[in-house]
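Following: one structure in structure tokens, then a few remarks.
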Amino acid sequence: MTKDDLRRRSVGILLFENVEVLDFAGPFEVFSRARLEPGAPSRRSEDSAPFDVFTVSASGERLEATGGLVVEPKESFASAPPIDILLVPGGFGTRALTNHEPTISWIRERAAAASLVTSVCTGALLLAEAGLLEGRRATTHHGALELLRRPGIDVVEGVRVVEDGVVSSAGVAAGIDMAFHVVSKLCGEAVARETAEYIEYPYPEGLPAGAVT
1153 MTKDDLRRRS VGILLFENVE VLDFAGPFEV FSRARLEPGA PSRRSEDSAP FDVFTVSASG
1213 ERLEATGGLV VEPKESFASA PPIDILLVPG GFGTRALTNH EPTISWIRER AAAASLVTSV
1273 CTGALLLAEA GLLEGRRATT HHGALELLRR PGIDVVEGVR VVEDGVVSSA GVAAGIDMAF
1333 HVVSKLCGEA VARETAEYIE YPYPEGLPAG AVT
């Protein structure tokens, strides 16, 4: 696959207070380092990058992730450009947001316009509150499976990635596998494997089959 075979897709990653660091940083690394042309030199420019990755929060102001890491999102809800791939991470901060209507409404609105919606860890709880998992299979962190279990959602245990219209993943590091799954489906497995080799991550085998639309 060459850089002329597909347009660059925007990946919008939601951030919030007490977001789990690896939930967003892992997929950010995968999507931002993916290249259609292999090799380290291709990472020195965006010429063959298939994704434009940015972070977004409600206010766009600095926030504190788990462990005390201070992060400054690139965009706010008001300033964020169109999002092709919406990524909702998890963390302890999701508990408060399940009752925060502005965030749930923003997720619902952006998901309606996105070509793909994804979650990591307890980000699935926010997708559930937005009504995006109704009639679908989904997963989350093993410690939050019961929180996700509700009428209309088929909760899948013991897997790292579930694709059923929405792509959800288990906890924390499983988000990296989810990102490779999306890269493989959209850009081809060769691109995904070369990206894994570049960041020196073992390529996740046995990811779910099925087309991402």
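Numbering of the sequence shown is given in our numbering, commencing with residue 1153 and proceeding in unit increments.
The beta carbon of each residue, even a glycine, is placed where N, CA and C say it ideally should be.
Since the model is a prediction, treat every value here as computed from it, not as a measurement.
Going by other Cβ atoms of all chains shown within 10 Å of its Cβ, with 16 needed for buried, is residue i buried or exposed?
{"i": "residue 1241", "result": "buried"}
{"i": "residue 1315", "result": "buried"}
{"i": "residue 1346", "result": "buried"}
{"i": "residue 1177", "result": "buried"}
{"i": "residue 1266", "result": "buried"}
{"i": "residue 1168", "result": "buried"}
{"i": "residue 1214", "result": "exposed"}
{"i": "residue 1293", "result": "buried"}
{"i": "residue 1336", "result": "buried"}
{"i": "residue 1193", "result": "exposed"}
Using the Cα positions of residue i and residue j, report the straight-line distance between them to the nearest angstrom.
{"i": "residue 1237", "j": "residue 1308", "result": "22 Å"}
{"i": "residue 1328", "j": "residue 1300", "result": "21 Å"}
{"i": "residue 1229", "j": "residue 1285", "result": "22 Å"}
{"i": "residue 1195", "j": "residue 1226", "result": "21 Å"}
{"i": "residue 1171", "j": "residue 1282", "result": "18 Å"}
{"i": "residue 1333", "j": "residue 1160", "result": "17 Å"}
{"i": "residue 1277", "j": "residue 1184", "result": "25 Å"}
{"i": "residue 1297", "j": "residue 1248", "result": "17 Å"}
{"i": "residue 1340", "j": "residue 1202", "result": "11 Å"}
{"i": "residue 1322", "j": "residue 1199", "result": "32 Å"}
{"i": "residue 1343", "j": "residue 1251", "result": "39 Å"}
{"i": "residue 1353", "j": "residue 1174", "result": "14 Å"}
{"i": "residue 1219", "j": "residue 1269", "result": "27 Å"}
{"i": "residue 1245", "j": "residue 1273", "result": "12 Å"}
{"i": "residue 1234", "j": "residue 1181", "result": "20 Å"}
{"i": "residue 1222", "j": "residue 1243", "result": "15 Å"}
{"i": "residue 1348", "j": "residue 1302", "result": "35 Å"}
{"i": "residue 1232", "j": "residue 1208", "result": "7 Å"}
{"i": "residue 1253", "j": "residue 1280", "result": "13 Å"}
Which first and last residues belong to the alpha helix (DSSP H) in which residue i is found?
{"i": "residue 1161", "result": "Here residue 1161 belongs to no alpha helix (DSSP H); instead the beta strand (DSSP E) covers 1161-1166."}
{"i": "residue 1257", "result": "1253-1265"}
{"i": "residue 1278", "result": "1275-1281"}
{"i": "residue 1299", "result": "1297-1300"}
Going by DSSP, name the residue or residues bridged to residue i.
{"i": "residue 1223", "result": "1215"}
{"i": "residue 1290", "result": "1307"}
{"i": "residue 1237", "result": "1163, 1268"}
{"i": "residue 1314", "result": "1320"}
{"i": "residue 1197", "result": "DSSP output for residue 1197 lists no bridge partner at all."}
So residue i is in the beta strand (DSSP E); what residue range does that whole segment cover?
{"i": "residue 1206", "result": "1203-1209"}
{"i": "residue 1329", "result": "Careful: residue 1329 lies outside any beta strand (DSSP E), inside the alpha helix (DSSP H) at 1326-1339."}
{"i": "residue 1173", "result": "No beta strand (DSSP E) contains residue 1173, which is instead part of the alpha helix (DSSP H) from 1173-1185."}
{"i": "residue 1139", "result": "Past the edges of the chain, shown from 1153 to 1365, lies residue 1139, and the structure says nothing about it."}
Would you check whether the ligand FMN has a heavy atom nearer than 7 Å to the C-beta of residue i?
{"i": "residue 1273", "result": "Summarising the ligand content, the structure contains no ligands, and the ligand FMN is consequently not present."}
Would the segment 1180-1191 and the segment 1252-1266 be scored as touching if the rule is three or more Cβ pairs under 8 Å? Using a Cβ-Cβ distance cut-off of 8 Å, the segment 1180-1191 and the segment 1252-1266 are not in contact, since fewer than three pairs of beta carbons, one from each stretch, lie closer than that value.
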